[in-house]
Structures are given as C-alpha cells and as structure tokens.
Amino acid sequence: MTPHEEQQMFEREQHIAFSGRCHIGDPESCTQLRNEINSRCGPRPSTSNNMEFILNRDLQKRGTSISNPRTVARVLNSHLPNQKRRVDRVATKSFCTQYIQNGTKIVVASQDEKIRFYQRNPDKSKYRSKYMKSDELRVDQCGWSILDTAISLNGDLIAYGTWKDAVFVGKLDFTERQNITWFPIDLNGEPGRDHCAVFCVKFSDSSEQIVCGTSQYSIHVFDVEQRRRIRTIVNAHEDDVNSVCFADLGSNLIYSAGDDGLVKVWDKRAWSDGDVEPVGVFAGHRDGVTHVDSRQDERYLLSNSKDQTIKVWDLRKFSNMSGVEATRACVQSQHWDYRWQPAPPGLCQPVAGDTSVMTLRGHSVLHTLVRANFSPESTGRRYIYTGCARGEVVVYDIMSGTVSRRLKGHTAVVRECDWHPTENEIVSSAWDGVTTVWTWDERQEGVIAPYDHPNISQFGDEDSCDELFQPVKKQCRRQRKTMSSRGHPCSSSSISQN
Numbered sequence: 001m002t003p004h005e006e007q008q009m010f011e012r013e014q015h016i017a018f019s020g021r022c023h024i025g026d027p028e029s030c031t032q033l034r035n036e037i038n039s040r041c042g043p044r045p046s047t048s049n050n051m052e053f054i055l056n057r058d059l060q061k062r063g064t065s066i067s068n069p070r071t072v073a074r075v076l077n078s079h080l081p082n083q084k085r086r087v088d089r090v091a092t093k094s095f096c097t098q099y100i101q102n103g104t105k106i107v108v109a110s111q112d113e114k115i116r117f118y119q120r121n122p123d124k125s126k127y128r129s130k131y132m133k134s135d136e137l138r139v140d141q142c143g144w145s146i147l148d149t150a151i152s153l154n155g156d157l158i159a160y161g162t163w164k165d166a167v168f169v170g171k172l173d174f175t176e177r178q179n180i181t182w183f184p185i186d187l188n189g190e191p192g193r194d195h196c197a198v199f200c201v202k203f204s205d206s207s208e209q210i211v212c213g214t215s216q217y218s219i220h221v222f223d224v225e226q227r228r229r230i231r232t233i234v235n236a237h238e239d240d241v242n243s244v245c246f247a248d249l250g251s252n253l254i255y256s257a258g259d260d261g262l263v264k265v266w267d268k269r270a271w272s273d274g275d276v277e278p279v280g281v282f283a284g285h286r287d288g289v290t291h292v293d294s295r296q297d298e299r300y301l302l303s304n305s306k307d308q309t310i311k312v313w314d315l316r317k318f319s320n321m322s323g324v325e326a327t328r329a330c331v332q333s334q335h336w337d338y339r340w341q342p343a344p345p346g347l348c349q350p351v352a353g354d355t356s357v358m359t360l361r362g363h364s365v366l367h368t369l370v371r372a373n374f375s376p377e378s379t380g381r382r383y384i385y386t387g388c389a390r391g392e393v394v395v396y397d398i399m400s401g402t403v404s405r406r407l408k409g410h411t412a413v414v415r416e417c418d419w420h421p422t423e424n425e426i427v428s429s430a431w432d433g434v435t436t437v438w439t440w441d442e443r444q445e446g447v448i449a450p451y452d453h454p455n456i457s458q459f460g461d462e463d464s465c466d467e468l469f470q471p472v473k474k475q476c477r478r479q480r481k482t483m484s485s486r487g488h489p490c491s492s493s494s495i496s497q498n
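Note that full-length UniProt numbering gives residue 260 to position 260 of the sequence shown, counting from 1, and the numbers run on in steps of one.
This is how it looks when you write it as structure tokens:
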C-alpha cells in the first residue's frame, strides 16, 4: 500500500469513527423502536423550516408552553444544542452532574469532597438563562473522590457513594443555608471502613429505597427511613458492579452492569421467596460495562462499555447461556487497563450470541466510568447521549444510527452529562473542572430571525430586527510581539549608547 493509499484509508476510517458506526443486531426490534419514536415525535425536520424556528423561540421563553408533546419533541429535535456556556470552573476533577427540581438547579460533585449547587437565574436573558452557584456542601467522609450522587424525585434527599463501606444520606433544605447532617448506612456492619467502593447510587421513585453497586461484586438495597440494609445480593456479578438503576417509575425491576461484561435484570418480587437469581442476562460486550440506563418504557435499556460501544437491549429478548459464556471469554481475554492505556484493536468485533438491538460506536470510554443515557421524554427519547474521553458530549440519533451532535469544549474526559427534562439543553462536567451548559444558538448556524422581514426568506441573512441579537465573536489569542515586529531592532550601537 502506497503512502497516499494509507492516508486515504486513515481519513476514511477517521470520518467513519467521528460520524458514528451503527450495527443493527435485531432488525425486528430496531424497526419497532424506530416506529415508536416516529409516532411520538415524527421525522426530524431541518432548521430551514421557519415555523419550527418560531416555535423553538417560543419554547426558549420562560413561561411559554406548547401543549402538544409531539410538536414539542419535533421542535426540540430540530434544534439540538450547539453552543456552550460555562457555568463554573474548579481546581479539581468533576465526576457527577445532573439537573434537579425540574431543571431549575444543577448539582455537581467533585474530587475535592464538595457538592456544588447552581441555581438558574431567569433574569439574565429573555431567551436564555445563566446558572449561578447557590450552595456548596462538604461531605463528611470521602475516599479519593465522590464517585456518585443521587437526588430523590421530590428533591428533599441526597445520597452519595465513595471509597467507604457505606452510603451517605442527608436531607436537603434550600430555604436556608445548607448545614447538612449525613447519615451513613453501612454495607457490612463496620462503619467507617474503606474496604470497597460504592460506584453507583440510585433512589427509587418513592424515595423509600436506595440501590447501590460496589467493588465487592455485590448489590445492596437500603430502607431510607429506617436507615438500614434490607437486601444484599452477594456476587451479583463476577467483578465490580459499576452501575445500577430502576427499570421505571414504580417498577420492581432493577438493572445492573459490571466489569464482567454482563447486564442483568433483577425482580424484587422474587426476593421475598429467597430467590435472588437474575430473571435475565444480556451478553454481547467484549469488555466491562461502565453504565446502564432505562428508556423508561418497560422495554428498552442501554449499556455503555469499555469496548467503546453502546448497546441497546430489548427486555423481551435475553441472551442464552452460550452468549453469556462467549462474553465471559472475551472479557477474560482482555489484557489492557482502560485507566491509562489506549483501547486495543479488535474491540468492535461481534460476539457470538449477542442479542442487542443495535450497537453504536463513535465515542471513547477511557480513564473513568463514562456514562450514557437516553434523552428525556420531551425529545421522544430519540437520542442517546454520552460523555467521552476526548472531552466531548456525543449525541447519537437512534433513527439514523449516526452522531447528531459532537459537542467539543472540554479539555479532559467528560464522565457524566445530563439532558434538561423539558428544554434542548445539556449540562456536562469533566476532569478539567469545568461545568458547561450546552444550548441551541441560532447564530452558530447563521439563523437570524428570517420571518421578521418580508424580503428575507433564507436562513443566514444578517439583517435582523431582533433587539437581543449579538454576533458571535471569535476571541483571538494575543501573541507576544518580537522585537523585530515592534519596529525596534536591537543594534550594537544602541547597546553601546546605554
């Protein structure tokens, strides 16, 4: 192969990687999923539709609502975030971020043992808001870093996990300055020990229970009111349990994912009979799974993995034992450490017995347990978005299987990001210490109020009667001038005179 052909192959592979790869594993389930998305939000229109642009402006105004959910989803899906707005920067790594209280607050947990809250300031702009730091909590006990945080559905309880044998729970009160008291719920009856890590923490929808996964391969369920452990699944996985979540609001199903490369489904109703075996297992990854998320429709879920892929699963189609054994063999054959080594080639090869609906590839899972989620109900749950080791937020479109947005702006790995429950806005936090809110800005795409003037019919015209319009100015970095460029050459005569 000539150097020119090698360069062409490299550019072709790079283009494919950044545009995203999609492999359909189950055409029947994939078609049903896409039909369901199409019925909820319709096809994604282009931004050249003036009516969609006007509706999106209405959605950006505070207090304005569009009653038809299908119209809201169609509008939001045509104006995905494209512009970043920095919220804060701290001199430490940020691990967790999420919206709370219906998107009016952001909570960020960092390695400096602090949990920070940011309140939306709606008076900052007519169409866009700014988040200002409203509160800051320092946790009582922390080993290395806060690994996960969870806020109850009604927003009055907070829990976090770290390198300690306990889950810490506290009561939130935003009416006055926080002076929170943390109550540890011990995993093994030995308070204050640091034998294991709690990688993930989740509240039930009623806030009565907490489920967590640990580095001791176990899953624990706690009673919040009584502050005690009510169920432990020992050896739930054959390696670290990196992620757990409830299947749906009011559901008895719990999903878990671990470094053994498997995703398991548990039914709490069977526990009363002493049966703690999973009701089903999903197999098909070639390496450990970093995160699992439910689509909240009692059918589909996703898993993000160190094999650099996201897989979507159908709850009605579990893997058989041959697929489980094939996954175990693939995971055990891996001899690299994702924390400091690049991903080896061959991770994208299919596994025998893979029952996933689709496999998405185009992001990087390195250094930490990068998380992926389905987009919220306001978008028809059409997208899958994930953090990335390249400092990006990557948004996949389930309908096309391609990358719809690649939001670049961080200089270190983005471990977690969260989509606003009602607006086209995404918040991300990264190991560079920066928390960023991504919104849609018409100026980024040359869209300047095309309906305001009878002679303007195309997006991109610079004439506008929008009194809030300000051109996006690219900041140029100032460079130090050399002596010759300043017009003051240094000569021997001048030196002798001084």
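Think of the CB as a built atom: it goes at the ideal place given N, C-alpha and C, for glycine as much as any other residue.
One thing to note: Asp248 has its Cβ within 8 angstroms of the Cβ of Glu298.
Note on the segment 263 to 342: whole beta strand (DSSP E) runs with a minimum of 3 residues are 263 to 267, 280 to 282, 289 to 294, 300 to 305, 309 to 314, in chain order.
Taking each of Thr435, Glu113, Met399 in turn and checking the Cα distance to Thr411, the smallest one comes out for Thr435. In this structure, Met358 keeps its C-beta atom at 8 angstroms or more from the C-beta atom of Ile37. With contacts defined by Cβ atoms closer than 8 angstroms, Ser428 and Ala389 do not form a contacting pair. Going by beta carbons, Val167 and Ile210 fall inside the 8 angstroms limit. The Cβ atoms of Gln111 and Ser145 sit closer than 8 angstroms to each other.
By the Cβ criterion, the segment 288 to 308 is in contact with the segment 240 to 247, since at least three pairs of Cβ atoms, one from each stretch, lie closer than 8 angstroms. The criterion of a C-beta distance shorter than 8 angstroms is not satisfied by Val108 and Arg120.
Lys114 sits away from Leu147, with the two beta carbons spaced by 8 angstroms or more.
Proximity to Leu172 across Phe183, Lys164, Thr162, Gly409 peaks at Phe183, based on C-alpha coordinates. Collapsing the DSSP output to three states places Asn235 in coil. Around the C-beta of Thr309, 16 or more other C-beta atoms lie within 10 Å, and the residue is accordingly described as buried. About 23 angstroms separates the CB atoms of Leu366 and Gly401; that is not less than 8 angstroms, and the two are not in contact.
Counting only the Cα atoms, Gly387 lies some 23 angstroms from Met132.
In the DSSP assignment, Gly213 is bridged to Cys200, Ile219. Straight through space, the alpha carbons of Phe95 and Val87 are spaced by roughly 15 angstroms.
If you look at Thr355, you'll find it isn't in any beta strand (DSSP E); DSSP assigns it neither H nor E. DSSP places Pro184 in no alpha helix (DSSP H) but in the uninterrupted beta strand (DSSP E) bounded by 183 to 186. Inside the segment 64 to 146, DSSP marks whole beta strand (DSSP E) runs of 3 or more residues at positions 83 to 89, 94 to 100, 105 to 110, 114 to 121, 130 to 138, from first to last along the chain. For the pair Arg339 and Leu407, the Cα-to-Cα distance works out to about 23 angstroms. Between the C-alpha atoms of Gly143 and Lys164 there is a straight-line separation of about 6 angstroms.
Under the DSSP assignment, Leu157 falls in the beta strand (DSSP E) whose first and last residues are 157 to 161. In this structure, the straight-line span from the alpha carbon of Cys30 to that of Arg382 is close to 12 angstroms. Asn77 counts as buried, since no fewer than 16 other beta carbons sit within 10 angstroms of its beta carbon. Distances from the alpha-carbon of Glu392 to those of Asp287, Ile254, Cys22, Asp432 put Asp432 closest.
When secondary structure is reduced to three states using DSSP, His23 falls in the strand class. Asp148 has Gly161 as its beta-bridge partners, per DSSP. Looking at Gly409, Asp397, Val414, the one whose alpha-carbon comes closest to that of Leu80 is Asp397. Restricting attention to Asp273, Ser251, Ala150, the CA atom closest to the CA of Val224 is found in Ala150.
With 16 or more other Cβ atoms inside 10 Å of its own Cβ, Pro278 counts as buried. In the three-state reduction of the DSSP assignment, Asn38 falls in the helix class.
Per DSSP, the continuous beta strand (DSSP E) segment holding Val427 begins and ends at 425 to 430.
Annotation for Ser356: Gly25, Asp26, Phe282, Gly284, Lys311, Val312, Trp313 place their beta carbon closer than 8 angstroms to its own, counting only its chain and skipping 5 residues before and after. Check the Cα spacing between Gly161 and each of Asp275, Arg21, Ala91, Lys202: the tightest is with Lys202. For Glu425, the closest of Thr2, Lys84, Glu28 by C-alpha to C-alpha distance is Lys84.
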